[in-house]
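Sequential numbering from 0 applies to the sequence shown in numbering that gives the first Met the number 0. Note that the Cβ used here is the ideal one computed from N, Cα and C, for glycine as well. Predicted, not measured: the structure shown is a model, and the values here were computed from it. A short write-up of the structure that comes next.
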Amino acid sequence: MEDFFSKMGVENLKFKPTYNPYTEPSMEIFSWHEGLKKWVEIGNSGMFRPEMLESMGLPRGLKVLGWGLSLERPTMIKYKVQNIRELLGHKVSLDFIENNPAARLDEDLYE
C-alpha cells in the first residue's frame with residue numbers, strides 16, 4: 000500500500016485496525032493532510048471472510064484481499080486542496096479544472 004500511494008505523491012501514511020462486516024482482519028488507511036493539520040482516511044482494506052466467498056460459490060480456502068481507495072482524498076493531500084468541494088460537485092471552478100494539475104494526470108506518474 001505504501002508503494003501504491005507513494006507513486007501518487009502520498010507518503011505520510013498510518014494504518015488502523017477496524018471492523019468491516021465482510022472482511023477480517025480489516026484496516027483503514029490514513030494520510031496526513033498538512034493544510035488541514037489532521038489525518039484523513041484515504042482507504043479501507045481487509046481479507047474477505049470465508050463465508051462471504053463460499054456464498055459466491057468460490058472454492059473453500061481461497062484467500063481474497065479487498066481494498067477500496069478514495070482517489071479524491073489523496074488528490075487533496077498531494078495538491079494541498081483544503082475543501083473536497085473544490086474537486087467534486089456542481090460548484091467546482093472551471094478555472095480550477097482548466098489550470099490546476101490536480102485535474103490532469105502527471106506525466107511522470109508512470110515512470
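When the five nearest sequence neighbours on each side are left out, the beta carbons in the same chain lying within less than 8 Å of the beta carbon of GLY67 are those of GLY42, ASN43 and SER44, in order along the chain. Of the residues GLY34, TRP38 and GLU33, the one whose Cα lies closest to the Cα of GLU27 is TRP38.
If only complete runs of 4 or more residues are kept, the stretch 31 to 86 shows the alpha helix (DSSP H) at 49 to 53 and 71 to 77, in order along the chain. At the C-beta level, GLU23 and ARG48 come within 7 Å of one another.
Annotation for ASN19: no alpha helix (DSSP H) segment contains it, though the beta strand (DSSP E) segment containing it runs 12 to 19.
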